[in-house]
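Listed in order, the protein sequences are those of chains A and B. Going by full-length UniProt numbering, the residue at position 5 of the first sequence is 5; the numbering climbs one at a time, nothing skipped. Going by full-length UniProt numbering, the residue at position 61 of the second sequence is 61; the numbering climbs one at a time, nothing skipped. Every residue, glycine too, gets a C-beta built ideally from N, C-alpha and C. Because the structure is a prediction, the values reported are computed rather than measured.
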Amino acid sequence: MHTVVLTKGVPDFREGMVSFDEDGHLERGNTPTTMNPNDEHALRAALQTRVRHGGQVDVMSMGPPGYKDVLREAMESVYADDLYLISDKQFAAADTWATAITLATAIQHLGEPSLVFAGFKTADGETGHTGPQTCWGLDMPIITHVIALDVDPEAKRVRAKRLVEGDVSEIETVEAPLPAFIVADPEFEPSYRTARHRLERKRLRAEARERAGSFEDQLTMWDHEELNLDPDYVGLDGSPTIVSSVDPIPKAPSEREATVVDPEDADAMAGLVDELAPYAGGD
Amino acid sequence: MTDAVDVDAADAEHFEAVVVGAGPGGAAAAAVLANNGVETLVLERGVEAGSKNVSGGLIYAERSAPYTIDDLFPDFREEASERPVTRNYMDNIAGDRVHTVDLKDVHEHDTLWCDSVLRRPMDSWLADRVHELTAETGGGVLTGVRVNGLLREDGEIVGVTCDELDPIRADVVVAADGVNSELARAAGLMDWEEPNEWFQGVKAVVDVEPDVIADRFDVAEDEGVARLFGGDLFDGVRGGGFLYTNRDSLSIGTVFHLDSLAAERAEPHELLDNLLTHPHLGQWLPDEYSEREYSAKLVPDSKKVAHGSPFRDRLLLVGDAAGQMQAQGPIIKGMNHAVTAGGLAAEAYIEARSRNAPYSAGDLYADKLRDEGVMDKLRPTRYELSRRVSESDAVSGALDGLVRSSVGRLGLRAAGGLTGRVFNSPFALGMLPDTHTSYVTVPTVLAEELGEPATAENDATPPTLEERIGELTYDTDVGNPHIELVDESYEASGTAVTACPVSARDFGGGCYREETVRTDGSEERVVSLDTQPCVECGTCAIVADTEWTHPRGGKGVEFDQG
Chain A
1 MHTVVLTKGV PDFREGMVSF DEDGHLERGN TPTTMNPNDE HALRAALQTR VRHGGQVDVM
61 SMGPPGYKDV LREAMESVYA DDLYLISDKQ FAAADTWATA ITLATAIQHL GEPSLVFAGF
121 KTADGETGHT GPQTCWGLDM PIITHVIALD VDPEAKRVRA KRLVEGDVSE IETVEAPLPA
181 FIVADPEFEP SYRTARHRLE RKRLRAEARE RAGSFEDQLT MWDHEELNLD PDYVGLDGSP
241 TIVSSVDPIP KAPSEREATV VDPEDADAMA GLVDELAPYA GGD
Chain B
1 MTDAVDVDAA DAEHFEAVVV GAGPGGAAAA AVLANNGVET LVLERGVEAG SKNVSGGLIY
61 AERSAPYTID DLFPDFREEA SERPVTRNYM DNIAGDRVHT VDLKDVHEHD TLWCDSVLRR
121 PMDSWLADRV HELTAETGGG VLTGVRVNGL LREDGEIVGV TCDELDPIRA DVVVAADGVN
181 SELARAAGLM DWEEPNEWFQ GVKAVVDVEP DVIADRFDVA EDEGVARLFG GDLFDGVRGG
241 GFLYTNRDSL SIGTVFHLDS LAAERAEPHE LLDNLLTHPH LGQWLPDEYS EREYSAKLVP
301 DSKKVAHGSP FRDRLLLVGD AAGQMQAQGP IIKGMNHAVT AGGLAAEAYI EARSRNAPYS
361 AGDLYADKLR DEGVMDKLRP TRYELSRRVS ESDAVSGALD GLVRSSVGRL GLRAAGGLTG
421 RVFNSPFALG MLPDTHTSYV TVPTVLAEEL GEPATAENDA TPPTLEERIG ELTYDTDVGN
481 PHIELVDESY EASGTAVTAC PVSARDFGGG CYREETVRTD GSEERVVSLD TQPCVECGTC
541 AIVADTEWTH PRGGKGVEFD QG
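Below you can see the structure in the form of structure tokens.
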């Protein structure tokens, strides 16, 4: 079974990695790029399909050449057979629409994959649009918020459990014909109930870690000409989104007054208790 | 305990052989099976092989054994063990007086080599090799999978059930799942009934730089020391202590008869501290005492519990699961017997298969244990014969009095050289009665009569129990405790408060706590249980009224040293 997983490089927002300037703007140059954390769930869903039904997992990203490392990370941390980086100056500054058009075209260049996986929104844009818009470009049924997946290759159908959040969270089971587009929820749990599946997963993961050492052998890069895309319909020129203005995220009030109290100092601690007492009842 | 499951076993996934547990016994069995082309699946409940395993720390290779670990895993000594033990002593202690006996002869008796080991690095190394071998057969090693029971068909064992996987059928199941083997118990082959059938060991792994070890023990890089300790430093509890040199640490621990520990209401961690802080140890401990890990384990006394026919249907028990742990006087040999048994169990299956009778492997295995002399090492006939007399209360009391008397003292003085010979005689050690005399009185009197005062200073301050627990790694299975306290009365379960190595009187942070409940003017002493700090030794399964199981795969305590 042929599957494609979409992934994106995002600034590493973890404490100690991310860097902001005085105005609260992200310092892109000083912040390393990492694989979008939610994409891991999409990769794990694809690996489960690979373990159960064999085939091929292609991992694809669109971005500058530096995103090669994001693809390597996907291969090393979860699994990938072949890697595809869609990279061209003409693709720069694309909004989700232009990105989706580009990705859908690239996926079609891979043939007719049975399943396309995406993670639940990226850590930087947070729109959650790119996956569904790419799916629209591919004209596939889409199942979002998927937490468990069961594919029947014979019947060419996929059955998924999805998390429906409302006043009360519910889990619903839906079915779709293949090919289909799957958005993995952060709650996605792969299921391996047989020893042979677990052994196969262990083998595949060890292979992929090994392969990641020379990942560029598995990497294909495509530009707009190779994908036969008109520059007017991709990148900034192909992006209908107009950013009218940007509001800085208000800074957290950092001018709080702090008093250091020595826990050994009984008087100071008594004062602290008096001060906190009014709040103790939740008033 | 999980009951055997009667499911539609016909549909279950099938492997030719399933080995439960990736310790040395399981590794040996799997290696021999795989080397003979048997499709072999190894299931290990730890996150990594060795993460659940603790040993005192010496593995022997015996000349007379049909299998040794380095036969099966050629680079074992270079890559998986710590140091060869090139010197072995017994220190008899009374107060601060010490009388040392060289155990050279008994240490070298039938010994090809003996290395100190730490189980996490050792077992994970073994598991990698085993995975390579078994993957060739279509199997492999899976970690994080807990086998919780036996798969039966018409009442007969045909495979295993797991927490994490659907039931698995097998033509042979090797249970190498350790001292608290749930499979051995589910099959009715072993129980947790009698405290006098068990020892309990606790151990501290202490950080020491290799050059400090070289200096303090006067050893080269490829040399090491084992020291055993007996006498009056353990508050009269029957048992002793040990110290083994590793590459850059020391394994220091104590091993006591569980019945004695329970009867004296002794706190195992305090007895360990008695040893760690004894002046005699000052010469070896580093200036800055730093403990890497505190651990504990039950040790079966093979003289009493090693199973003569450790099989039922297709299930073969190996190592601790079958009680195959030999206490040869002060020298404890377990891992070597597990390796031999693992090899023999595999061999038995391969032979049975070639005779077209795969399910007769159990009978063949029992025969091999006997014919290869394993059973006689584990359960010496002369011990069976002599214990009836020597362990009777009247005789042991009289003997103890005799040793303490002036006549006895005179005898021990006169026999100064002879005691060394007795300690070095495997024959005599095989008869050594499990009494206060052997473990406490003789060493004490020897030290009183022949010992020299310890001269070193020892200012080591071992961590508190709370600190020791705090340093351990746990992945608690919240809301799903693996031990259930059946009878919370103090009479039934109170002993667990003291005997549990991570519980203590007046300590609220352990597994078992004593509480006083007041109802209608009357007071009742009860015991409460919190399994979070559990080190999975199994002590409470014997001394308290509990339902005891292992945690699910990957859950519970995770040892880094072991």
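List the residues of chain A that B:Tyr-13 touches, going by C-beta distances under 7 Å, in chain order.
Before going on, a small fix: residue 13 of chain B reads as Glu here, not Tyr. In chain order: Thr-194, Ala-195, Arg-196.
Reduced DSSP secondary structure (H/G/I, E/B, other) of B:Tyr-349
DSSP places B:Tyr-349 in helix when its eight states are reduced to three.
Below 6 Å CB to CB, which residues in the same chain sit around B:Cys-540 once its five sequence neighbours on both sides are set aside?
Annotation for B:Cys-540: Ala-496, Cys-500, Thr-546 place their beta carbon closer than 6 Å to its own, counting only its chain and skipping 5 residues before and after.
Under 8 Å between C-beta atoms, does A:Lys-202 make it to chain B?
For A:Lys-202, the answer is yes, since a Cβ of chain B falls inside 8 Å of its Cβ.
Consult DSSP for B:Arg-247 and reduce its assignment to one of helix, strand or coil.
Looking at B:Arg-247 - three-state DSSP - the assignment turns out to be coil, as it is neither helix nor strand.
Kindly confirm or deny that the segment 48 to 55 of chain B and the segment 116 to 134 of chain B touch, where touching means at least three C-beta pairs closer than 8 Å.
Taking 8 Å as the limit for Cβ pairs, the verdict is that the segment 116 to 134 of chain B does touch the segment 48 to 55 of chain B.
So if I threshold CB-CB distances at 8 Å, which residues from the segment 30 to 62 of chain A count as touching chain B?
Those residues of the segment 30 to 62 of chain A placed with their C-beta closer than 8 Å to a C-beta in chain B do not exist.
Can you find a C-beta in chain A that's less than 8 Å from the C-beta of B:Gly-140?
Judged by the 8 Å Cβ criterion, B:Gly-140 is in contact with chain A.
Spatial neighbours of B:Asp-70 in its chain, beta-carbon cut-off 6 Å, leaving aside the 5 residues before and after
For B:Asp-70, where only same-chain residues beyond five positions count, the Cβ hits under 6 Å are Phe-76, Arg-77.
Closest to A:Asp-58 by C-alpha separation, out of A:Ala-206, A:Ala-74, A:Ala-176, would be which residue?
For the residues A:Ala-206, A:Ala-74, A:Ala-176, the minimum Cα distance to A:Asp-58 belongs to A:Ala-74.
Listing by chain order, which chain A residues have their CB less than 9 Å from the CB of residue 582 of chain B?
Outside the displayed range of chain B (1 to 562) lies residue 582 of chain B, so it cannot be described from this structure.
Could you tell me the distance, in whole angstroms, from the CA atom of A:Val-164 to the CA atom of B:Ala-544?
Distance between the alpha carbons of A:Val-164 and B:Ala-544: 47 Å.
Burial state of B:Gln-200, where buried means 16 or more other Cβ atoms lie within 10 Å:
Under this definition B:Gln-200 is a buried residue.
Could you round the C-beta distance between A:Val-158 and A:Glu-172 to whole angstroms and report it? I think they count as a contact, below 8 Å.
With 8 Å as the limit, A:Val-158 and A:Glu-172 do not qualify as a contact, their Cβ atoms being about 14 Å apart.
Here's a check: name, in chain order, each residue in its chain whose Cβ is nearer than 6 Å to the Cβ of A:Val-10, leaving out the five neighbours to either side.
Around A:Val-10: Asn-36, Thr-122, Ala-123, Asp-124.
Would you say A:Leu-26 faces chain B, with C-beta separation under 8 Å as the test?
Output row for A:Leu-26: interface = no.
How would you call A:Asn-228, buried or exposed, if buried means at least 16 neighbouring beta carbons within 10 angstroms?
Answer is exposed; the Cβ neighbour count stays below 16.
Comparing C-alpha positions only, which one of B:Ser-503, B:Glu-514, B:Gly-470, B:Thr-473 sits nearest to B:Glu-488?
When only C-alpha atoms are compared, the closest one is B:Glu-514.
Name the DSSP bridge partner or partners of B:His-14?
Under DSSP, the beta-bridge partners assigned to B:His-14 are B:Arg-169.
With a threshold of 16 other CB atoms inside 10 Å of the CB of B:Lys-368, please say whether the residue is buried or exposed.
B:Lys-368 comes out buried.
Mapping DSSP to helix, strand and coil, what is residue 565 of chain B?
Look at the range of chain B in this structure, 1 to 562, and you will see that residue 565 of chain B is not part of it.
Whole angstroms are fine: how far does the CA of B:Ser-360 sit from the CA of B:Thr-498?
If I take the Cα positions, the gap works out to 45 Å.
Alpha carbon to alpha carbon, how far is A:His-145 from B:Asp-287? Give it in angstroms, no decimals.
Those two C-alpha atoms are separated by around 58 Å.
Go through its chain and collect everything with a Cβ distance to B:Asn-180's Cβ below 6 Å, but skip five positions before and after it.
The residues are Gly-538.
Near B:Val-422, which residues of its chain fall below 7 Å by C-beta distance, leaving aside the five closest residues on each side in sequence?
Listed in chain order, the non-local C-beta contacts of B:Val-422 below 7 Å within the same chain comprise Ala-428, local neighbours out to five positions each way being set aside.
Take every Cβ of the segment 170 to 188 of chain B, pair it with every Cβ of the segment 140 to 159 of chain B, and state whether three or more of those distances are shorter than 8 Å.
Cβ pair count under 8 Å is three or more, so yes.
For residue 609 of chain B, the residue or residues it bridges with in DSSP
One cannot answer for residue 609 of chain B here, as it falls past the ends of chain B, which runs 1 to 562.
Give me the chain A residues within the contact set of B:Leu-183, using Cβ-Cβ distance strictly less than 9 Å, ordered along the chain.
Correct list: empty, because the minimum Cβ distance to chain A is about 17 Å.
Please confirm whether A:Phe-13 has its beta-carbon closer than 8 Å to some beta-carbon of chain B.
Chain B contact via Cβ: absent.
Under 8 Å between C-beta atoms of B:Gly-240 and B:Leu-228:
Yes, the pair counts as a contact, with Cβ atoms nearer than the cut-off.
Under 8 Å Cβ-Cβ, which residues of chain B neighbour A:Leu-199?
Per Cβ cutoff of 8 Å: Leu-41, Ala-135, Gly-139, Gly-140, Leu-142.
Pairs of beta-carbons, one from the segment 15 to 25 of chain A and one from the segment 135 to 152 of chain A, closer than 8 Å: are there three or more?
Using a C-beta cut-off of 8 Å, the segment 15 to 25 of chain A makes no contact with the segment 135 to 152 of chain A, since fewer than three inter-stretch Cβ pairs fall below that distance.
In this structure, does DSSP put B:Glu-264 in helix, strand or coil?
B:Glu-264 sits in coil when the DSSP states are folded into three classes, being neither helix nor strand.
Answer yes if the segment 460 to 468 of chain B comes into contact with the segment 239 to 256 of chain B, meaning at least three C-beta pairs across the two stretches below 8 Å, and no otherwise.
The segment 239 to 256 of chain B and the segment 460 to 468 of chain B do not touch, with fewer than 3 CB-CB distances between them shorter than 8 Å.
Can you tell me whether A:Val-164 sits near the ligand ZN, meaning its C-beta is under 7 Å from at least one heavy atom of the ligand?
Here there are no bound small molecules, and the ligand ZN is not part of this structure.
Interface flag, B:Leu-472 vs chain A, CB-CB below 8 Å:
For B:Leu-472, the answer is no, since every Cβ of chain A falls outside 8 Å of its Cβ.
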